[in-house]
Amino acid sequence: MRYPIEQVSDNWERRIIKNGYVQHREVYRNGTHGEWQFYISGFGPTVEGGTGRCTVLKEGGSYDRTVPIDADNRIKINGRWYDRRYWDH
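Sequence positions in the sequence shown follow our numbering and run 17 to 105.
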């Protein structure tokens, strides 16, 4: 599914995906762009098995504080795991 893209500055774009999660990406001078990334504002304790929780930005400035993060630094959003290149802190 494609989501509407908002130009937030000369070199940044933003989109809101399923369940209100915000993603952003950098736009370079040559017209190419970086990966869509989620913004993680904080991390909770790691529990047994190496899985913990992190806090991810959502639409309207709210946060989801229950997003799983595993020992390989992957976060799980909308049932899908995203590795480190798809989130920023």
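Think of the CB as a built atom: it goes at the ideal place given N, C-alpha and C, for glycine as much as any other residue.
query, result
"Please give the ranges of any beta strand (DSSP E) in the stretch 40-76, keeping only runs that are unbroken, at least 3 residues long and fully inside the region.", "53-62 and 68-73"
"Which first and last residues belong to the beta strand (DSSP E) in which R31 is found?", "W28 to I32"
"Does the beta-carbon distance from E22 to R30 come in below 9 Å?", "yes"
"I need the straight-line Cα distance from F54 to Q39, nearest angstrom please.", "5 Å"
"What's the gap between the Cα of Y44 and the Cα of D104?", "17 Å"
"What residue range is occupied by the uninterrupted beta strand (DSSP E) comprising S25?", "I21 to S25"
"From the DSSP output, which residues share a beta bridge with Y37?", "K74"
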